[in-house]
Amino acid sequence: ELYEILRNSLDDTGLPVMDRDQFKEVTDKFGKEEFRKTLADYITKEKPPFPLKNYSKEDITKTFYKLQKVDISKHTKETDREVMEKYDDYKYPYDIYGLGVIDTPAGVHSFINVSNYFMQDLRLACNSYGFKGPLQRWNDGDNLWGAFGPIWRGVNPGGKKGKLLSHEAYYVAFRLGTYNATQFKPLVAKIIYDMTGAKTVLDTSMGWGDRLAAFYASNATHYIGCDPNPNTFRRYKKMIAFYDKLTHGTKTVQMYRCGAEDLPWDEIKDVDCAFTSPPYFSTERYNEGGKFEEDQSWAKYDTYEKWRDGFLLPVSQKSFESLSDRGVLMVNMLDPKIKNKRYHAGDDLVDSMKEHFIGQVGMRIMQRPQGRAVFSDEEGNFDHAQLEKFLKKIFIENIWYFGKDKKQDIFGRTKGGTLENFMS
Numbered sequence: 119e120l121y122e123i124l125r126n127s128l129d130d131t132g133l134p135v136m137d138r139d140q141f142k143e144v145t146d147k148f149g150k151e152e153f154r155k156t157l158a159d160y161i162t163k164e165k166p167p168f169p170l171k172n173y174s175k176e177d178i179t180k181t182f183y184k185l186q187k188v189d190i191s192k193h194t195k196e197t198d199r200e201v202m203e204k205y206d207d208y209k210y211p212y213d214i215y216g217l218g219v220i221d222t223p224a225g226v227h228s229f230i231n232v233s234n235y236f237m238q239d240l241r242l243a244c245n246s247y248g249f250k251g252p253l254q255r256w257n258d259g260d261n262l263w264g265a266f267g268p269i270w271r272g273v274n275p276g277g278k279k280g281k282l283l284s285h286e287a288y289y290v291a292f293r294l295g296t297y298n299a300t301q302f303k304p305l306v307a308k309i310i311y312d313m314t315g316a317k318t319v320l321d322t323s324m325g326w327g328d329r330l331a332a333f334y335a336s337n338a339t340h341y342i343g344c345d346p347n348p349n350t351f352r353r354y355k356k357m358i359a360f361y362d363k364l365t366h367g368t369k370t371v372q373m374y375r376c377g378a379e380d381l382p383w384d385e386i387k388d389v390d391c392a393f394t395s396p397p398y399f400s401t402e403r404y405n406e407g408g409k410f411e412e413d414q415s416w417a418k419y420d421t422y423e424k425w426r427d428g429f430l431l432p433v434s435q436k437s438f439e440s441l442s443d444r445g446v447l448m449v450n451m452l453d454p455k456i457k458n459k460r461y462h463a464g465d466d467l468v469d470s471m472k473e474h475f476i477g478q479v480g481m482r483i484m485q486r487p488q489g490r491a492v493f494s495d496e497e498g499n500f501d502h503a504q505l506e507k508f509l510k511k512i513f514i515e516n517i518w519y520f521g522k523d524k525k526q527d528i529f530g531r532t533k534g535g536t537l538e539n540f541m542s
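To convert, note that position 227 of the sequence shown is 345 in my numbering; the numbers rise steadily by one, no gaps.
So this is what it looks like as structure tokens:
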């Protein structure tokens with residue numbers, strides 16, 4: 119009976135959807151667990167398409183123009199607050215080498231849609247070691263019951279009016295209940311390009327196009343980038359065509375379909391800002407099973423040492439050598455951890471280029487939620503002061519910062535207004 123109810127509740131894509139009243143009625147009649155199980159069975163057998171986010175060109179255009187106009191001084195600051203890194207034993211910790219923090223909101227408020235519009239299906243198809251991406255989980259019918267749990271919990275849009283079964287509910291459930299390849303915040307990349315005063319920028323791991331979109335929204339005029347994935351490469355061309363129109367052909371792009379270690383470095387020079395977030399060793403399996411899979415960093419290097427010595431360090435050195443006289447190299451990288459073994463990539467990078475190391479820039483991230491029990495006093499009672507202390511801390515990802523001119527103050531550029539005001 120429930121299976122037939124789902125069959126009779128399809129939208130135009132073949133996905134079962136329900137308004138709040140029907141969702142509550144079916145949940146009350148059959149129970150949450152039976153509803154989840156039958157819904158998972160239905161998706162597995164009938165195979166409706168995954169509910170991708172719906173974007174319009176008009177919405178993306180408006181979002182892009184908003185990103186262009188962001189006042190970066192509101193998101194860059196030196197801070198006296200306690201800064202927390204993922205690990206407390208870096209050789210070059212923030213409390214000694216920290217210069218300032220880039221503080222931006224999460225999710226859509228960091229303008230992720232300007233790149234996700236072009237890339238979401240490829241990104242959601244990306245797997246990790248030991249974890250399937252959302253699209254493969256959906257298409258394989260792999261433990262959909264488990265992934266659907268959030269639909270009946272508080273994350274389901276609806277609030278006091280009640281929950282519903284919708285495209286957004288499916289999407290949010292899969293975002294929370296499965297592995298998702300991460301985007302880089304376009305807002306952060308725009309801030310870095312503009313706070314360094316860059317005109318020519320280099321991105322040695324184009325990924326999901328987040329920094330490419332940010333380039334178009336920044337004051338930079340020439341972008342050099344590479345990536346070995348032929349699927350994303352085709353999407354980059356669509357992004358370029360789209361944003362060229364919005365910027366009236368005032369920018370140029372120099373792009374290579376290869377891994378960064380295979381770039382024609384003699385063609386890359388006078389870079390003002392080389393900024394990237396390299397593909398972490400053995401984390402995200404980009405273009406798995408696709409053409410040129412063998413060119414991917416994860417496929418080339420089967421140990422951390424091979425990845426470090428064949429990719430991370432030589433690419434960082436070559437990037438630095440490509441810089442202009444006042445150029446900077448900035449690398450956003452957390453130490454990778456595979457099978458409970460941590461690899462000290464940050465220390466290794468700074469050790470290899472220590473004479474050019476200027477310091478750390480913190481990229482603020484959200485604190486992980488903590489239960490009330492964490493903030494208990496010696497008697498086991500809730501301690502509000504401990505909670506307040508926790509909330510005042512700033513949690514960051516590391517951006518390792520190197521430069522030809524070690525005296526320049528990139529945070530000084532943003533004091534007292536926008537970069538445009540600073541340079542006028």
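We put the CB at the ideal spot given by N, CA and C, even for glycine.
Small disclaimer: the values here were computed from a predicted structure and weren't measured.
When Lys-459, Asp-380, Lys-418, Ala-291 are compared, the shortest CA-CA separation from Ser-434 is found for Asp-380. The way I'd put it, the segment 514–524 does touch the segment 210–219; three or more beta-carbon pairs between them come closer than 8 angstroms. In the three-state scheme derived from DSSP, where H, G and I count as helix and E and B as strand, Asp-390 is classed as strand. It is roughly 8 angstroms from the alpha-carbon of Asn-337 to the alpha-carbon of Gly-315. Spanning the alpha carbons of Lys-436 and Leu-467 requires a straight line of approximately 13 angstroms. In the structure shown, His-227 adopts helical secondary structure according to DSSP, grouped into three states. Look at the beta carbons and you see the segment 165–185 not touching the segment 450–465: under three pairs across the two are nearer than 8 angstroms. Here the C-alpha atom of Ser-127 lies approximately 18 angstroms from the C-alpha atom of Trp-270. Residue state for His-285 is assigned as helix, using DSSP reduced to three classes. If you draw a straight line from the Cα of Ser-470 to the Cα of Tyr-212, it comes to about 18 angstroms. A straight line joining the alpha-carbon of Ile-528 with that of Ala-378 spans about 26 angstroms. Taking C-beta atoms as the reference points, Asp-328 and Pro-346 fail to come closer than 7 angstroms. Taken through DSSP and simplified to helix, strand or coil, Gly-325 comes out as coil. Bridge pairing for Phe-513: Met-202, Ile-483 [DSSP]. In this chain, Thr-370 is not harboured by any alpha helix (DSSP H); it is covered by the beta strand (DSSP E) spanning 370–374. Thr-131 has its alpha-carbon roughly 23 angstroms from the corresponding atom of Thr-145. Per DSSP, Tyr-341 is one residue of the beta strand (DSSP E) stretching across 340–344.
According to the DSSP assignment, Asp-443 belongs to the beta strand (DSSP E) that extends over 441–450. Following the DSSP letters along the chain, one finds Ile-123 inside the alpha helix (DSSP H) bounded by residues 120–125. A direct Cα-to-Cα measurement between Gly-480 and Tyr-288 gives close to 34 angstroms.
Using a 10 angstroms sphere on the CB of Asn-245, the tally of other CB atoms reaches 16 or more, which defines it as buried. Its Cα nearest to that of Leu-282, the residue Met-136 stands out among Met-136, Asp-362, Met-484.
Under the three-state reduction of DSSP output, Asn-172 falls in the coil class, being neither helix nor strand.
Look at Pro-211 here: in three-state DSSP terms it is coil, with no helix or strand label. Taking the Cα positions, Gly-477 is about 12 angstroms away from Asp-465. Under the DSSP assignment, Ile-161 falls in the alpha helix (DSSP H) whose first and last residues are 150–164. In this structure Arg-353 is not in contact with Phe-229, their Cβ atoms being roughly 17 angstroms apart against a cut-off of 8 angstroms. The closest CA to that of Arg-375, considering only Glu-176, Gly-343, Phe-168, Asn-231, is found on Gly-343. About 44 angstroms separates the CB atoms of Asp-312 and Ile-161; that is not less than 8 angstroms, and the two are not in contact. Looking only at Lys-510, Tyr-297, Asn-257, His-285, the smallest Cα-Cα distance to Tyr-173 is reached by His-285. Here the C-alpha atom of Lys-180 lies approximately 15 angstroms from the C-alpha atom of Met-357.
CA-to-CA, the gap between Arg-426 and Leu-320 works out to about 20 angstroms. For Met-136, the pairing in a beta bridge is given by DSSP as Leu-283. Here the segment 193–204 makes no contact with the segment 256–263; the two share fewer than three CB pairs at distances below 8 angstroms.
By DSSP's assignment, Tyr-519 forms a beta bridge with Met-448, Gly-477.
Around the beta carbon of Thr-194, 16 or more other beta carbons sit within 10 angstroms, so the residue counts as buried.
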